[in-house]
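Everything below concerns the one structure shown next.
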């Protein structure tokens with residue numbers, strides 16, 4: 001298998017197609033000529049979250065939604081008949097309800113960690129996770145560009161983003177949720193905002209993000225300097241002694 005080569009756009013499209021067909025990471029890796037670990041890391045690094053509902057039902061990921069009989073939880077309820085309509089049929093009341101408990105699909109806790117090939121997708125009202133080959137490649141290209149250019153952000157733009165993001169983070173909202181609800185205002189990608197958070201550019205810090213605190217830091221390989229063994233040929237101590245034996249009058253200078 002090809003190693004140490006970055007995934008191409010076609011590789012990512014093949015990964016997306018394989019996930020849609022229900023293939024394992026190993027089978028997908030064999031298709032594109034990559035190790036299964038490469039496929040796994042790529043999928044987990046480029047998850048796309050979508051708050052979409054089911055057929056005829058809106059998005060609602062509250063654990064109590066099946067037995068909930070509350071109505072009019074929101075002060076400015078968008079429903080004209082808010083007193084006759086249950087909040088469980090709305091899907092927009094979770095931010096205001098004190099009884100809200102998030103439910104996550106248990107299938108997402110094991111491979112392939114996405115909903116691309118799930119047959120229950122059309123019946124599910126929970127938060128969904130997808131792998132999109134085009135977006136994954138775009139995100140990867142953006143990370144490369146930022147790594148090469150550094151962070152270019154003016155104080156005015158930083159303050160504008162800080163005023164939007166930090167108050168909501170301190171209220172317990174996730175950065176992903178903020179990005180979904182403020183697409184027009186943020187003007188940068190979600191991945192870029194995570195980069196800014198890691199660089200401590202905002203009033204809120206990583207410790208204010210619940211999921212970030214629970215995650216273990218990634219293990220980084222220590223920096224190693226590779227030395228070509230051939231550079232030592234003719235430069236060892238024995239070579240020096242042999243040279244001095246034939247050239248005893250040569251002055252020797254020791255570098256500090």
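Numbering (my numbering), first residue to last: 1 to 256.
Built from N, CA and C at the ideal position, the CB exists for glycine as well.
Treat the numbers as computed from the prediction; the structure is a model and nothing was measured.
- Message: Can you look up residue 240 in the DSSP assignment and give me helix, strand or coil?
- Response: helix
- Item | residue 101 and residue 62 closer than 8 angstroms at C-beta | yes
- Determine which residues share a DSSP beta bridge with residue 292 and list them. The shown model of the chain, from 1 to 256, leaves out residue 292, and the question about it has no answer.
- Under the DSSP definition of a beta bridge, which residues are partnered with residue 57? 54
- Item | Of the residues 58, 96, 41, 195, the one placed nearest residue 143, counting alpha carbons only | 195
- Task: Express the C-alpha separation of residue 21 and residue 283 in angstroms, rounding to a whole number.
- Result: Residue 283 lies beyond the residue range present for the chain, which begins at 1 and ends at 256; the question has no answer from this structure.
- Taking only heavy atoms of the ligand GDP into account, decide whether any of them is closer than 7 angstroms to the Cβ of residue 129. Within the structure as shown, the ligand GDP is missing, as the structure has no ligands at all.
- Query: When you compare only the Cα positions, how much space is there between residue 55 and residue 123?
  - Reply: 6 angstroms
- Message: Quick check: what's the CA-CA separation for residue 57 versus residue 204?
- Response: 35 angstroms
- Return the first residue and the last residue of the alpha helix (DSSP H) that residue 18 is part of. 9 to 20
- Item | Other residues of its chain near residue 130: CB distance less than 7 angstroms, five sequence neighbours each side excluded | 48, 50, 114, 115, 116
- Item | Cutoff 8 angstroms; reference residue 222; Cβ partners in own chain excluding five residues on either side | none
- Could you please give the first and the last residue of the uninterrupted alpha helix (DSSP H) stretch that includes residue 179? 175 to 181
- Query: How about residue 161 and residue 186: are their beta carbons less than 8 angstroms apart?
  - Reply: yes
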